[in-house]
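Counting with our numbering, you get residues 25 to 349 for the letters of the sequence shown. Positions of the beta carbon are idealized from the N, C-alpha and C atoms, including for glycine.
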Amino acid sequence: MTSLPSRALGALTVPAIGYGAMELAGAYAPCDDADADRALDAALDAGCSFVDTSDSYGTSERQLGRLLARTSRERVQVSTKFGLRPFDDEPVHTLRVPWSASTFGINAEPRLVRGYAERSLRRLGVEWIDLYSPHFPDPEVPIEDTIGAVADLVHAGLVQHVGISNATADDLQRAQAVHPIAAVQVQWSMWRPVDPDLLARCRDTGVGIVAWAPMGRGFLTGTLTEVRDDDYRGNVERLAGANLAANQERFAPVRSIAGDLGVTSAQLALAWLLRQHHAVVPIPGSRSPARIAENAAAAFVALDDAALAAVDAALAEFVPVGEIS
25 MTSLPSRALG ALTVPAIGYG AMELAGAYAP CDDADADRAL DAALDAGCSF
75 VDTSDSYGTS ERQLGRLLAR TSRERVQVST KFGLRPFDDE PVHTLRVPWS
125 ASTFGINAEP RLVRGYAERS LRRLGVEWID LYSPHFPDPE VPIEDTIGAV
175 ADLVHAGLVQ HVGISNATAD DLQRAQAVHP IAAVQVQWSM WRPVDPDLLA
225 RCRDTGVGIV AWAPMGRGFL TGTLTEVRDD DYRGNVERLA GANLAANQER
275 FAPVRSIAGD LGVTSAQLAL AWLLRQHHAV VPIPGSRSPA RIAENAAAAF
325 VALDDAALAA VDAALAEFVP VGEIS
């Protein structure tokens, strides 16, 4: 197992690059247990031992449980989330998110939180969760109430650290009034900036940031040339139809910098993100062991100030076609 540089998500120490397991649920392409086993073994071998999933990611928790059953529990830091898969016969609240035209059903009422955690623990086959977060703030439930229920799980020994996901600076401040927050999980990449108020709050209060979709849903690798009909990313305007080709052309100067530096576009995207905040941990996902190893190696890419300035200048000129996703 490779040892990556570490970073602090509050009091939780994790490798600088984690692994996002959403893709194992088949969001981008079909993925069976054998594919998932190979991917998760590769992530652990590459040092990406911080693995993020959710109870809403289909079979992802169960697949992670297969990894946990064949390795030491202490080798893996498990992050999972709740709320987007309410129990049958429970009320479903309507959630609208800015990067999707769809709505989601959510219920993060405090009375349900322990049940969600116990369901996840059974699927994972473990006794505790390292980082547990509401997947989104529930628009019909105060975030303080939801976080209070997660804090109860910490006192019960079922959860080690509390996080929040897809939250604002105000959400974070309100959550922190109830219990220390280790990390906020948000989308952050070269083509989707983090909210500056949220970043400032995290810096000021010692909260880490778990960056999901750090590759721009695969676009920033420079290898995405088409999106199949069964691919979730077909709903992303920047990746739809002629927009994808146009955006790849506009992104060419950044890819050129990667070539000059002797790294891949994916590695540059991750190394750039690691330079943005001392406590950001990207969680790229892939089914390919080779890609997973490539991503992990980005933790050792040192962007000096000149290289960082060149990337930032190229990104300032990069204006994607299509709405932000």
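- When DSSP reads this structure, F324 sits in no beta bridge, so it has no partner.
- For P39, the enclosing beta strand (DSSP E) has its first and last residue at L36 to P39.
- A direct Cα-to-Cα measurement between D162 and A132 gives close to 6 Å.
- In the structure shown, Q211 adopts extended strand secondary structure according to DSSP, grouped into three states.
- Under the DSSP assignment, D57 falls in the alpha helix (DSSP H) whose first and last residues are D57 to D69.
- Counting only residues of its own chain and dropping the five nearest sequence neighbours on each side, R62 has a CB closer than 7 Å to the CB of P313.
- In the three-state DSSP reduction, A237 falls in the coil class, being neither helix nor strand.
- The alpha-carbon of A49 is positioned some 26 Å away from that of A323.
- Judged by DSSP secondary structure, R120 falls within the beta strand (DSSP E) whose first and last residues are H117 to R120.
- The residue from H185, D79 and S27 with its alpha-carbon nearest to that of G34 is H185.
- Annotation: the segment 67-107 contains the following complete segments of the beta strand (DSSP E) (minimum length 3 residues), in chain order: 74-76 and 101-106.
- Closest by C-alpha distance to D56, out of R90, S27 and W296, is R90.
- In this structure, the straight-line span from the alpha carbon of G42 to that of V234 is close to 9 Å.
- Restricting attention to A125, D65, G107 and R109, the CA atom closest to the CA of S96 is found in D65.
- DSSP lists V183 as the beta-bridge partner residues of I153.
- Only residues of its own chain outside the window of five on either side were considered, and among them T77, D79, T104, S144, R147 and L148 have a CB closer than 7 Å to the CB of E85, listed in chain order.
- Between T26 and A276 a beta carbon distance of about 31 Å is seen, past the 8 Å cut, so the two are scored as non-contacting.
- Going by C-alpha positions, T118 is about 26 Å away from L263.
- Its Cα nearest to that of L108, the residue S189 stands out among D228, S189 and V345.
- Annotated as distal: R138 and A199, with beta-carbon spacing of 9 Å or more.
- Relative to L136, the option among G283, G242, I171 and A333 whose CA is nearest is I171.
- Pairing Y156 with A141, the inter-Cα distance amounts to about 8 Å.
- Contact between A270 and V174 does not hold, since their C-beta atoms are separated by about 43 Å, which reaches or exceeds 8 Å.
- Three or more Cβ pairs closer than 8 Å define a contact, and the segment 191-208 falls short of that threshold against the segment 328-336.
- Under the three-state reduction of DSSP output, G42 falls in the coil class, being neither helix nor strand.
- Between R120 and F160, the alpha-carbon positions lie close to 10 Å from each other.
- L248 places its beta carbon 9 Å or farther from that of W296.
- Comparing C-alpha distances from P115 to each of G129, V231, L36 and E273 shows the shortest one belongs to G129.
- When Q272, R225, A237 and A338 are compared, the shortest CA-CA separation from Q211 is found for A237.
- For the pair E261 and A290, the CB atoms are not nearer than the 9 Å cut-off.
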